[in-house]
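First comes the structure, then the notes that go with it.
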Amino acid sequence: MWVIKIAKSSQKKIQFLFRLFENYLYDLKRFRKHADPERRLPSNQSQLAYIVMLYHSIEKGLSLPHSRPGFGKDKLEKLLFELLSYAKNHGNHPFIYSAICSIAQYKGAMEQNDPQGEKIQTALDAIQKHLKKDAIGLPGGTIPFHGFDMDSDKHFSFASFAKRRHSVRQFADKEISIGLIEKAVRMAQTAPSVCNRQSNRVHVCKRQDRIKEILSCQQGNRGFGHQVPLVFIVTSSLSHFLSIGERNQCWIDGGLFLMTLIYGLQDQGIATCCLNWSVEKERDLELRQIAGIPDSENIVCLLAAGYPPEHCQVACSARRPLTEVLQYIE
Ligand SMILES: Cc1cc2nc3c(=O)[nH]c(=O)nc-3n(C[C@H](O)[C@H](O)[C@H](O)COP(=O)(O)O)c2cc1C
C-alpha cells in the first residue's frame, strides 16, 4: 500500500515539475519572440522604445543636481542616428518631437561656441526634413518642480495629486522620520493583493554607507545616487503563491504596492524616484547579500526617496497619445 502512495506522490511531483517547465518555456518563447534587443522585427515599436530610452537619458541628465553641459555624447550620437532612421522610414511620431525638444534643451545648455552644437543642429535639420510641419508633437526636456504644495491639496482631487507626481532626482538634506516611513508603508498596505495574501515586504535603508553599497549594484542612479537620503527595496515573497498560474503574480502585487507606497510618501511631501531592478542573477545575488534579502523574496524595485528641494527641474517624460494606449474590445 505504502509503495502505491509513494509512487502516486512522486508522479504528482513529476507532473507538477513538467507543467512548471512547460509554462516557463511558454513565457520564454514569447519573451524571445517579442522583446527585440537588436530591433530586427518589422514593427517600429522597439525602435521607438529605444529612442524613448535614449532621449529620456538626455532629459534625465538635464534634471540632475549638477548637470554637466555636453554629458552623454555617445548616447546623443546613437539617438541622432536612430531619429534619422526612424524619420526616414516611418516619418512622424509624437515621441520624435519629445526627443528633438530634449536635444534642443541639451544644446541650449552648451557653450555658445561649442563645435558640438553646430553638429547637433545639422543632424536635427536632417531629421526635420523628413517630418511633417503640422504634425502633433509631445514636449520634452525638463520642467520646473516646486514640491507638492500640500496646503492647496485641502480639497483633494486624485487627478491633481497624480499629476503632481514626478520622478525627482534631487533631494534636500533633511531627515525623514521613522514615523513618516511607517505611515507611508501602512498606506502602501492598502493596495489590493491577490486573495489578500499580501506578499509584499519593504526593506528600508537610511544609513548612508549602506545606501552607497546598495546603489552601487543599481545602474540607474548615476549623478544623483550620492544625494539619496532613503532607499526602499520592495520585494514580494514567493512563498505566498500556490499554483503554476501564479508564477508571475509577485510582479503584479509588487507593482501595485510600490505605486501605493509612492503615493503614500507623496502624501507626506516626500518625492521619489523608482530605481529599476532589471538585473541578471549575479547582481540579484549581490544585492540580496548586501541588504539581507531572503532567497524566498523577489526584488520588485528599488525606490529612492527624500524631501525635494524648494525648486528643481524634473524630466518632462511625456505620455503616449491616448489612442495608442486605450483599445476598446468589440
Ligand atoms: C520600474 C521603474 C524603474 C525605473 N528605474 C529608474 C532608474 O533606474 N533610474 C531613474 O532615474 N529613473 C527610473 N525610473 C523612473 C522613470 O524614468 C520615470 O518613472 C518615467 O520617466 C516617467 O516619469 P515620471 O515618473 O516623472 O512620471 C523608473 C521607473 C519605473 C516605473
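Residues are numbered in my numbering as their position in the sequence shown, beginning at 1, plus a constant of 102.
Using N, Cα and C, we set each Cβ at its ideal position, and we do this for glycine too.
Original post:
Is residue 295 helix, strand or coil when you go by DSSP?
Top reply: Taking the first residue of the sequence shown as 1, we reach residue 295 at position 193. Here residue 295 sits in coil by DSSP.
Original post:
Where do the N-terminal and C-terminal ends of the alpha helix (DSSP H) with residue 280 fall, by residue?
Top reply: Here residue 280 refers to the residue found at position 178 when the sequence shown is read from its first residue. Judged by DSSP secondary structure, residue 280 falls within the alpha helix (DSSP H) whose first and last residues are 280 to 290.
Subject >> Simplified DSSP state of residue 381, which is helix, strand or coil >> reply: Your numbering for residue 381 matches position 279 in the sequence shown. For residue 381, the secondary structure class from DSSP, reduced to helix, strand or coil, is coil.
Subject >> DSSP state of residue 196 mapped onto helix, strand, coil >> reply: For the purposes of this step, residue 196 is taken as the residue at position 94 of the sequence shown. Of the three classes helix, strand and coil, the one that applies to residue 196 here is helix, per DSSP.
Original post:
Anyone know if the C-beta pair for residue 250 and residue 266 falls short of 9 Å?
Top reply: The residue labelled residue 250 in the question sits at position 148 within the sequence shown. The residue labelled residue 266 in the question sits at position 164 within the sequence shown. Yes, the Cβ-Cβ distance between residue 250 and residue 266 is below 9 Å.
Original post:
On the three-state DSSP scale, how would you describe residue 215?
Top reply: By 1-based counting over the sequence shown, the position of residue 215 is 113. Coil at residue 215, not helix or strand.
Subject >> Any residue whose CB is nearer than 7 Å to a heavy atom belonging to ligand 1, listed in chain order >> reply: Neighbourhood of ligand 1, defined by CB distance below 7 Å to any of its heavy atoms: 158, 162, 267, 268, 269, 271, 320, 321, 322, 323, 375, 376, 377, 378, 403, 416, 417 and 419, in chain order.
**OP:** Measure from the alpha carbon of residue 227 to the alpha carbon of each residue in 199, 127 and 282, then state which is nearest.
**Re:** Counting from 1 along the sequence shown, the entry for residue 227 is found at position 125. Of the residues 199, 127 and 282, the one whose Cα lies closest to the Cα of residue 227 is 199.
**OP:** Report buried or exposed for residue 116, applying the criterion of at least 16 other Cβ atoms within 10 angstroms of its Cβ.
**Re:** For the purposes of this step, residue 116 is taken as the residue at position 14 of the sequence shown. Exposed.
**OP:** Label residue 417 either buried or exposed according to how many other C-beta atoms from any shown protein chain fall within 10 Å of its C-beta, with 16 as the threshold for buried.
**Re:** As a working mapping, residue 417 is identified with position 315 in the sequence shown. By the 10 Å Cβ count, residue 417 comes out buried.
Original post:
Hey, would you say residue 307 sits closer than 9 Å to residue 381, going by beta carbons?
Top reply: Residue numbering aside, residue 307 sits at position 205 when the sequence shown is read from its first letter. Residue numbering aside, residue 381 sits at position 279 when the sequence shown is read from its first letter. No, Cβ-Cβ distance for residue 307 and residue 381 is not below 9 Å.
Subject >> residue 337 vs residue 298 beta-carbon contact at 9 Å >> reply: Residue numbering aside, residue 337 sits at position 235 when the sequence shown is read from its first letter. Residue numbering aside, residue 298 sits at position 196 when the sequence shown is read from its first letter. Their beta carbons are not under 9 Å apart, which means residue 337 does not touch residue 298 by this criterion.
Original post:
Between which two residues does the beta strand (DSSP E) harbouring residue 109 extend?
Top reply: If you number the sequence shown from 1, residue 109 lands on position 7. That residue, residue 109, is in no beta strand (DSSP E); its alpha helix (DSSP H) goes 104 to 136.
Original post:
Whole alpha helix (DSSP H) runs in the segment 325 to 402 with 4 or more residues, listed along the chain?
Top reply: You should have 351 to 368 and 383 to 393.
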